[in-house]
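Residue numbers (UniProt numbering): 1 to 312.
Dropping the structure here:
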């Protein structure tokens with residue numbers, strides 16, 4: 001056996017500190033390889049921060065965490081120009097957004113104005129302050145968290161911002177065996193203190209390039225578009241996914257195929273990642289909410305009904 005590929009080393013490394021969440025970690029890694037961003041919607045204490053930190057450590061990337069609060073200003077994120085009395089000029093002081101991996105903790109606690117400060121950064125990997133554009137890292141990656149059970153004092157993310165997140169995922173509680181492992185591994189100290197890099201930012205860039213070379217057949221592209229189109233016409237949905245959802249579904253499917261050792265995308269790859277990519281992009285009808293249908297059930301219905309496109 002030859003040397004393990006970077007994504008295999010990353011997954012093994014992260015598993016030292018995140019127990020029993022291998023598939024969820026793979027999905028988040030696929031979003032990273034796809035050049036996207038992740039919305040982690042989960043209860044406190046299940047390892048969201050540790051996941052972000054362990055990914056950064058594994059790749060030798062810089063990491064910053066920002067606690068979003070109602071009084072957080074856009075300039076607290078982006079930075080601002082400060083007057084330097086010595087040079088009698090304004091000097092730009094970078095904010096925490098100038099990093100490789102940014103953990104935006106409890107993003108829905110900040111005002112819409114501050115939330116929107118992330119939009120340009122997430123979409124274009126740059127920020128504009130006082131009319132000057134500043135480029136962010138090529139590896140810039142946002143993991144935003146929000147608590148699904150505590151809505152008092154929060155500002156729900158607008159649809160435009162939700163659409164910027166490539167995937168939405170929940171880690172969930174660990175199973176009993178994994179939780180026992182957590183207790184044992186943290187009995188004396190947290191294992192993340194001993195975590196070491198297993199790759200470099202340069203290797204990460206090279207692997208991301210390989211992901212872009214994964215083949216997507218015409219039939220698979222048509223299958224992706226048919227699924228997204230079905231969200232726009234389903235009787236339980238008021239609005240379906242935008243074309244950005246189609247692109248995200250293709251890119252994450254490519255990354256998922258690569259992580260699973262293939263240089264081509266299968267329809268099964270698309271079906272696997274579709275719930276993570278599309279659920280936060282669809283809006284239920286009022287009737288559907290009254291009937292207490294879940295978005296997960298609606299999307300599963302779509303995935304069951306949309307046929308795989310056969311080769312001509």
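Note that beta-carbon positions come from the ideal geometry of N, C-alpha and C, so glycine has one too.
Relative to the C-alpha of residue i, which candidate in the options has its C-alpha closest?
i: residue 230; options: 246, 216, 217 and 218; result: 246
i: residue 252; options: 9, 24, 176 and 35; result: 35
i: residue 175; options: 15, 20 and 13; result: 20
i: residue 157; options: 184, 206, 107 and 147; result: 107
i: residue 67; options: 217, 147, 162 and 29; result: 147
i: residue 310; options: 218, 259, 271 and 295; result: 218
i: residue 110; options: 81, 82, 76 and 123; result: 76
i: residue 276; options: 165, 267 and 212; result: 165
i: residue 215; options: 45, 65, 263 and 16; result: 263
i: residue 304; options: 206, 223 and 160; result: 223
i: residue 26; options: 8, 16, 43 and 42; result: 8
i: residue 47; options: 186, 199, 297 and 248; result: 186
i: residue 50; options: 232, 295, 182 and 300; result: 182
i: residue 232; options: 248, 162 and 278; result: 278
i: residue 155; options: 269, 199, 72 and 259; result: 72
i: residue 15; options: 249, 74, 162 and 198; result: 198
i: residue 28; options: 193, 145 and 129; result: 145
i: residue 138; options: 129, 132, 123 and 244; result: 123
i: residue 99; options: 88, 85 and 125; result: 125
Where do the ends of the alpha helix (DSSP H) carrying residue i lie?
i: residue 141; result: First-last for residue 141: 141-146, but that is the beta strand (DSSP E), not the alpha helix (DSSP H).
i: residue 220; result: 218-231
i: residue 375; result: For residue 375 there is no data in the structure shown, the boundaries of the chain being 1 and 312.
i: residue 297; result: 295-305
i: residue 59; result: 48-59
i: residue 12; result: 6-14
If the criterion is Cβ atoms closer than 8 angstroms, does the pair residue i and residue j meet it?
i: residue 171; j: residue 287; result: no
i: residue 121; j: residue 140; result: yes
i: residue 97; j: residue 40; result: no
i: residue 204; j: residue 11; result: no
i: residue 101; j: residue 52; result: yes
i: residue 265; j: residue 306; result: no
i: residue 227; j: residue 274; result: yes
i: residue 95; j: residue 78; result: yes
i: residue 81; j: residue 63; result: no
i: residue 201; j: residue 60; result: yes
i: residue 37; j: residue 168; result: no
i: residue 283; j: residue 239; result: yes
i: residue 255; j: residue 30; result: yes
i: residue 267; j: residue 225; result: no
i: residue 242; j: residue 293; result: no
i: residue 22; j: residue 195; result: no
i: residue 142; j: residue 134; result: no
i: residue 298; j: residue 234; result: yes
i: residue 117; j: residue 74; result: yes
i: residue 33; j: residue 208; result: yes
Under the three-state reduction of DSSP, which class applies to residue i: helix, strand or coil?
i: residue 283; result: strand
i: residue 64; result: strand
i: residue 30; result: helix
i: residue 126; result: strand
i: residue 169; result: strand
i: residue 114; result: helix
i: residue 133; result: strand
i: residue 86; result: coil
i: residue 101; result: strand
i: residue 1; result: Confidence is the limiting factor: at residue 1 the pLDDT is only 42, short of 50, which leaves the residue's position unreliable and the question unanswerable from this model.
i: residue 309; result: coil
i: residue 155; result: coil
i: residue 190; result: coil
i: residue 210; result: helix
i: residue 73; result: coil
i: residue 292; result: coil
i: residue 18; result: coil
i: residue 25; result: helix
i: residue 234; result: coil
i: residue 269; result: helix
i: residue 198; result: coil
What does DSSP give as the partner residue(s) for residue i in the beta ladder?
i: residue 81; result: 92
i: residue 39; result: 144 and 168
i: residue 313; result: Given that the chain is displayed from residue 1 to residue 312, the structure contains no residue 313 and the question cannot be resolved.
i: residue 239; result: 283
Comparing the C-beta of residue i with each C-beta of chain C, is any distance below 8 angstroms?
i: residue 46; result: In the structure shown, chain C does not exist; there is a single protein chain.
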